[in-house]
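Enquirer:
Number of protein chains: 2
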Amino acid sequence: MFELAELKNRVSKAAYVDALPDLRSRLLELQLQVEAAGIPVIVLLAGVDAAGKGDLVHVLNEWLDPRYMRTTAYGEPSDEERERPAHWRYWLALPERGRIGLHIVAWYGPPMADRLYERIGNAALDAELTRINRFEKALTEDGALVVKFWLHLSKKQQRRRIDKLEENPETRWRVTDVDRKHLKLYDRFIAVAERTLRETSTPDAPWLILNGYDAQYRRLTVAHHLIDRLASRLSAHAAAPALPTAVPRSATETSLLGSLDLSQRLERETYQKEKARLQGLISQLTRRLRAEKRSSILLFEGWDAAGKGGVIRRITPALDARNYRVIPIAAPTDEEKSHHYLWRFWRHLPRAGKVTIYDRSWYGRVLVERVEGFATAQEWMRAYTEINDFEEDLTDRGIVLLKFWLHISKEEQHRRFEERKLTAYKRFKITEEDYRNREKWGEYEAAVDEMVTRTSTEFAPWYLIPANDKYHARIEVLRLICAAYEKALK
Amino acid sequence: MFELAELKNRVSKAAYVDALPDLRSRLLELQLQVEAAGIPVIVLLAGVDAAGKGDLVHVLNEWLDPRYMRTTAYGEPSDEERERPAHWRYWLALPERGRIGLHIVAWYGPPMADRLYERIGNAALDAELTRINRFEKALTEDGALVVKFWLHLSKKQQRRRIDKLEENPETRWRVTDVDRKHLKLYDRFIAVAERTLRETSTPDAPWLILNGYDAQYRRLTVAHHLIDRLASRLSAHAAAPALPTAVPRSATETSLLGSLDLSQRLERETYQKEKARLQGLISQLTRRLRAEKRSSILLFEGWDAAGKGGVIRRITPALDARNYRVIPIAAPTDEEKSHHYLWRFWRHLPRAGKVTIYDRSWYGRVLVERVEGFATAQEWMRAYTEINDFEEDLTDRGIVLLKFWLHISKEEQHRRFEERKLTAYKRFKITEEDYRNREKWGEYEAAVDEMVTRTSTEFAPWYLIPANDKYHARIEVLRLICAAYEKALK
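Protein sequence lines, in the order shown, are assigned to chains A and B.
If you're matching positions, the first sequence starts at 468 in our numbering and goes up one per residue.
If you're matching positions, the second sequence starts at 468 in our numbering and goes up one per residue.
1. Let me confirm a value: GLU603 (chain B) is counted as buried when at least 16 other C-beta atoms fall within 10 Å, else exposed. Which label applies?
2. Consult DSSP for HIS815 (chain B) and reduce its assignment to one of helix, strand or coil.
3. Does any residue of chain A bring its CB to less than 8 Å from the CB of ASP801 (chain B)?
4. With 7 Å as the limit, tell me which residues of the region 762-790 of chain B have their beta carbon closer than that to any beta carbon of chain E; keep them in chain order.
5. Given this structure, state the Cα-to-Cα distance separating GLN624 (chain B) from PHE616 (chain B), to the nearest angstrom.
6. For LEU980 (chain B), which residues in the same chain have their Cβ closer than 6 Å to its Cβ, ignoring the five residues on either side in sequence?
7. Buried or exposed, going by whether 16 or more other CB atoms sit within 10 Å of the CB of VAL645 (chain A)?
8. Can you look up THR597 (chain B) in the DSSP assignment and give me helix, strand or coil?
9. What is the DSSP secondary structure of HIS570 (chain A), reduced to helix, strand or coil?
10. Quick one: what does DSSP say GLY679 (chain B) is sitting in, helix, strand or coil?
11. Which residues in the same chain as ALA518 (chain B) place their Cβ atom closer than 7 Å to its Cβ, once the five residues preceding and following it in sequence are excluded?
12. Counting only runs of 4+ residues fully inside the region 851-936 of chain A, write out the alpha helix (DSSP H) ranges in chain order.
13. Helix, strand or coil: how does DSSP classify ASP728 (chain A) here?
14. Whose Cβ in chain B lies nearer than 7 Å to the Cβ of ASP546 (chain A)?
15. Could you spell out where the alpha helix (DSSP H) holding MET579 (chain A) opens and where it closes?
16. Could you check whether PRO817 (chain B) and SER762 (chain B) sit closer than 8 Å to each other, using their CB atoms as the reference points?
17. Give the range of the beta strand (DSSP E) segment to which ILE629 (chain B) is assigned.
18. When you check each C-beta in the region 503-526 of chain B against every C-beta of chain A, which residues fall closer than 7 Å?
19. Measuring only the C-alpha atoms, how far is ASN528 (chain A) from MET536 (chain A)?
20. One question on the structure: do VAL659 (chain A) and LEU583 (chain A) come within less than 8 Å of each other, judged by their Cβ atoms?
21. Tell me which residues of the region 741-763 of chain A have at least one Cβ-Cβ distance to chain B shorter than 7 Å, keeping chain order.
22. Could you give the DSSP three-state label for ALA718 (chain B): helix, strand or coil?
23. Do GLU858 (chain A) and THR783 (chain A) count as a contact pair if the criterion is CB distance below 8 Å?
24. Check distances from the C-beta atoms of the region 554-583 of chain A to those of chain B and list, in chain order, the residues that come in under 8 Å.
25. Roughly how many angstroms lie between the CA atoms of GLU802 (chain B) and ARG566 (chain B), to the nearest whole one?
26. Of all the options B:GLN498, B:THR539 and B:TYR808, which has the alpha carbon lying nearest to the alpha carbon of ASN790 (chain A)?
27. To the nearest angstrom, report how far apart ASP936 (chain B) and GLU548 (chain A) are at their CA atoms.
28. Would you say GLY831 (chain B) reaches chain A, if we count a Cβ-Cβ gap shorter than 8 Å as a contact?
29. How should TRP929 (chain A) be labelled, buried or exposed, when 16 other C-beta atoms within 10 angstroms of its C-beta is the threshold for buried?
30. What is the DSSP secondary structure of TYR557 (chain B), counted as helix, strand or coil?
31. GLU917 (chain A) versus chain B: which residues are under 8 Å apart at the beta carbon?
32. Based on DSSP bridge pairs, tell me the residues matched to PRO795 (chain B).
33. Taking its Cβ as the centre, do 16 or more other Cβ atoms sit within 10 Å of PRO488 (chain A), making it buried, or is it exposed?
34. Tell me which residues share the same chain as ALA951 (chain B) and place their Cβ nearer than 7 Å to its Cβ, disregarding the 5 neighbours each side in the sequence.
35. Could you name the residues of chain B that THR538 (chain A) contacts, counting a contact when the two beta carbons are closer than 7 Å?
36. Quick one: which unbroken alpha helix (DSSP H) runs of 4-plus residues sit fully inside the region 492-531 of chain B? Chain order, please.
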């Protein structure tokens, strides 16, 4: 893999100075076009130690307009970061649409280091690399350009570079103990790098491997490649409008929601007793979960007026106010709009030991955005996989994730709308839109069917709750929460 | 202070049920008006243990529309939080304009606990309370409504409440060791509370002290008070447009900038030698600062084309890419616009040990926003104090803060604009606006004079750098940075 990159490459100072002005103009021009086209650009720099990553950070910051770019290097994770899935900090650092994010080593760092120091084996490394591929795929499918540079040095070149840095008193500090240690580990590191690059060089996010020994060569090569990738991404942007995708329709007439038994009822007295008992249990269980630093996410979807708020208000009294947060999903802010749609959910992930309750959620992508046409067919179809990957990241981190759909009949919804109009402080909840949404009942029903089919997984199953009777629905939800918490604590 | 709040107050269940529907309607109505008027509302709940804070969180979340409100309770600070000024997490949790933020104990917690456990004396407590007053003042002057509730219980009532909670197996968990400990500390706690409430009951953010023993009384009192405060804030909003304020003009003809000697020059050779020496020194000093977890902020203001970017690019090669960030200040995002103008600067404060370089800064408020009329006279005049307070928070936390104004003559600026047009990759830097800004040179000069006069403080002085000669300016800045770092490390 590194055969070509071992070869000595040299560009004379004169040739460099000659080529530079044009390249800089071209880079700036492309940066402006990228900004105008709203394409997020992720440039990733990695490679062997002392191969010139720092120098490239410096010149790229000089060549490009720094107002539209940002460099991120990652140190040891903070406790806030350690308490979330490993990719959390990478998600948060992603550039907005139209901006360039320069990321140093980034998501490749921890898995490669873990393998190098034999904290993990090849199977675990491969699992991490698959996760990285999914991550980069989600970004490129969302329109991002991902450009990855691997700076290589031969063993001899690396030794020579480090010696040189050490000779000069002004650069000696740059050589760390880790560098010297890595020099000894060169062969093993290269083996890990080869496996990593092989597994993560995908059609949409390929690696460019180059020799980093000669500064002029390194800089010009990176500039040329970046220009090529930016230009071809921009022409693809201009040429190809998103193609409409055929949507697979269910062949059957039956629906998952239609199969639910909505006649289930619970007496008020039983309800009150069960509620008190289950709330007590939840309060005990969440305290134990908190002590074990286990988070949980309770997610509620359902028809308008299905009683999501009512259920949530029966859960929260059992929780410590410092320990939970209810997140009602409203329209995204402009910062959120200028990222991948999952970004805002990553953003609000709780620290360890917390309970987060979502009143509506990331499933809006495959429900309202699908039915109302706010997302293209490609976007919402892609979302099933992205959501499954996201939820796997959460549950892998030990987060207990429960997803509830509260189901009521169309008639029951109508009855509740009318009832709300009679209570002054509930009237604000009813809008014209609620009535309009009823016209698309069938389309929503199909969307729910597909959502459950595609995203009810072993690690994050859906619970469909018959909710024509509020007492029944609430107890059902409280019971399922207790069961899941008890299982998690085993 | 608590005499009135010791008195038993009781509201019958019947009276409560009778009053509630109207109060809830009124609260929702006012919440919608607050949202429409874009007023941020900060409701703060504090008081003695077991006085019903949790119950109030619960009912307020039930009464108000949760989509426009958010509850925040604060646990032990994370390491990310500990590495910033103490108020950082409170700034970040502030509600957006039009939203209601319900804050539990919040910024009152740590100073009161520190005093209670005698980690600090009264003088240090008072200093913290002054800081709180400045914080709340910045918020109310920015248009926020701050409503603070103190829930009191007599010693006997507190004991009775805790006993009651302990009797019931379902509420026993709510009584913590801390509660039992506080019961013993009741008298001392009340003394600290009295001092705190006395010092922080300001005209704009007064405390409402109420007895929390009876749930019905407590809930109705809070609802009534909240309604009153919301209504009066809304009527003030409708009635009083911001009054134009007379701006004090400098009586003299001389200006600070005019007094600088712009003829200072440096030979290229001396420059190169000095630059290398100082960069080496900076790299050593920043590594030592990092080891001591000391952050620094380097802030650059100056005329267009004064060479801010050039200076910054002479600093960054001396820094470790993982350890610094350059923040160019562009237009605020909508999330930023919907907060106090300092919010976005709080938001990006670095973790401990980092170097943050601002290319333009919070001083935009008293420079471009003043001259171009983007901020009202009241707003930018208030900003001097707010900025001084902000910078004191930073330097108190041990952050080294250096502020540079790069000064060039009007003629030199013109020469540089023309020169830039000749270099292809610098052309993008020149816009029509740059030429328009030249017409307001005098106004900007007056604004700089006033800025330096009002914000050059002992803890954060301004450095005015003659920059007609780039070599001279760069070396001057590098030298001042070294001097400040050396002083900080002593």
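Ideal Cβ placement from N, Cα and C applies to all residues, glycine included.
Keep in mind it's a predicted model, so treat the numbers as computed, not measured.
Expert: With the structure as the only source:
1. The residue labelled residue 603 (chain B) in the question sits at position 136 within the second sequence. With 16 or more other Cβ atoms within 10 Å, it is buried.
2. Here residue 815 (chain B) refers to the residue found at position 348 when the second sequence is read from its first residue. Note: HIS815 (chain B) maps to coil in three-state DSSP.
3. Here the question's residue 801 (chain B) lines up with position 334 in the second sequence. Closer than 8 Å: yes.
4. Reference to chain E is not applicable here, since the protein chains of this structure are A and B.
5. Position 157 of the second sequence holds residue 624 (chain B). Position 149 of the second sequence holds residue 616 (chain B). Spanning the two alpha carbons is a distance of roughly 18 Å.
6. Any property of residue 980 (chain B) remains undetermined from this structure, which presents chain B solely from 468 to 957.
7. Translated into the one-based positions of the first sequence, residue 645 (chain A) becomes position 178. Exposed, by the Cβ-count rule.
8. Here residue 597 (chain B) corresponds to residue number 130 of the second sequence, with the count starting at 1. Looking at THR597 (chain B) - three-state DSSP - the assignment turns out to be helix.
9. For this step, residue 570 (chain A) is matched to residue 103 along the first sequence. Reduced to three states, the DSSP call for HIS570 (chain A) is strand.
10. Within the second sequence, the letter at position 212 stands for residue 679 (chain B). Under the three-state reduction of DSSP output, GLY679 (chain B) falls in the coil class, being neither helix nor strand.
11. Taking the first residue of the second sequence as 1, we reach residue 518 (chain B) at position 51. Excluding positions up to five away in sequence, the list reads LEU618, HIS619, LEU620 and GLY679.
12. For the region 851-936 of chain A, the full-length alpha helix (DSSP H) segments reaching 4 residues or more read 877-889, 899-905 and 908-922 along the chain.
13. As a working mapping, residue 728 (chain A) is identified with position 261 in the first sequence. In this structure, ASP728 (chain A) counts as coil in the three-state DSSP scheme.
14. Taking the first sequence and counting its residues from 1, the one referred to as residue 546 (chain A) is at position 79. Within chain B, the residues near ASP546 (chain A) are SER545 and ASP546.
15. Counted from its first residue, the first sequence places residue 579 (chain A) at position 112. That run of the alpha helix (DSSP H) goes 576-583.
16. Stepping through the second sequence from its first residue, residue 762 (chain B) is reached at position 295. Stepping through the second sequence from its first residue, residue 817 (chain B) is reached at position 350. In this structure, SER762 (chain B) lies near PRO817 (chain B), with their beta-carbon atoms less than 8 Å apart.
17. The residue you call residue 629 (chain B) lines up with position 162 of the second sequence. Here ILE629 (chain B) belongs to no beta strand (DSSP E); instead the alpha helix (DSSP H) covers 622-634.
18. GLY521, VAL524 and HIS525
19. Working through the first sequence from its first residue, we reach residue 528 (chain A) at position 61. Working through the first sequence from its first residue, we reach residue 536 (chain A) at position 69. Going by the C-alpha atoms only, they are around 8 Å apart.
20. For the purposes of this step, residue 659 (chain A) is taken as residue 192 along the first sequence, with counting starting at 1. For the purposes of this step, residue 583 (chain A) is taken as residue 116 along the first sequence, with counting starting at 1. Their beta carbons are under 8 Å apart, which means VAL659 (chain A) touches LEU583 (chain A) by this criterion.
21. ALA743, GLY747, SER750, GLN751 and ARG754
22. Within the second sequence, residue 718 (chain B) is the residue found at index 251, counting from 1. Only weak support is given to the placement of ALA718 (chain B): the predicted model assigns it a pLDDT of 46, under 50, and the value that follows is read from those uncertain coordinates. When secondary structure is reduced to three states using DSSP, ALA718 (chain B) falls in the coil class, being assigned neither helix nor strand.
23. To locate residue 783 (chain A), count along the first sequence from 1; it is residue 316. To locate residue 858 (chain A), count along the first sequence from 1; it is residue 391. If you check the CB distance, THR783 (chain A) and GLU858 (chain A) do not come in under 8 Å.
24. Near chain B, meaning a CB-to-CB distance below 8 Å, the residues of the region 554-583 of chain A are ILE571.
25. As a working mapping, residue 802 (chain B) is identified with position 335 in the second sequence. As a working mapping, residue 566 (chain B) is identified with position 99 in the second sequence. Answer to the nearest angstrom: the Cα atoms are 12 Å apart.
26. For the purposes of this step, residue 790 (chain A) is taken as residue 323 along the first sequence, with counting starting at 1. Checking every option, the nearest Cα to that of ASN790 (chain A) belongs to B:THR539.
27. For the purposes of this step, residue 936 (chain B) is taken as residue 469 along the second sequence, with counting starting at 1. For the purposes of this step, residue 548 (chain A) is taken as residue 81 along the first sequence, with counting starting at 1. Cα-Cα distance, rounded: 45 Å.
28. Within the second sequence, numbered from 1, the residue matching residue 831 (chain B) stands at position 364. Output row for GLY831 (chain B): interface = no.
29. If you number the first sequence from 1, residue 929 (chain A) lands on position 462. Per the 10 Å Cβ criterion, buried.
30. The sequence position of residue 557 (chain B) within the second sequence is 90, counting from 1. TYR557 (chain B): helix per DSSP, three-state reduction.
31. On the first sequence, position 450 is the one that residue 917 (chain A) refers to. Result: empty, since nearest Cβ-Cβ is about 27 Å, beyond 8 Å.
32. Translated into positions along the second sequence, residue 795 (chain B) becomes position 328. Partner(s): B:ASP826.
33. Taking the first sequence and counting its residues from 1, the one referred to as residue 488 (chain A) is at position 21. When all chains shown are included, PRO488 (chain A) counts as exposed.
34. Position 484 of the second sequence, counted from the first residue, corresponds to residue 951 (chain B). VAL867 and LEU869, listed in sequence order.
35. Working through the first sequence from its first residue, we reach residue 538 (chain A) at position 71. The contacting residues are ALA788.
36. Complete alpha helix (DSSP H) runs here, min 4: 520-530.
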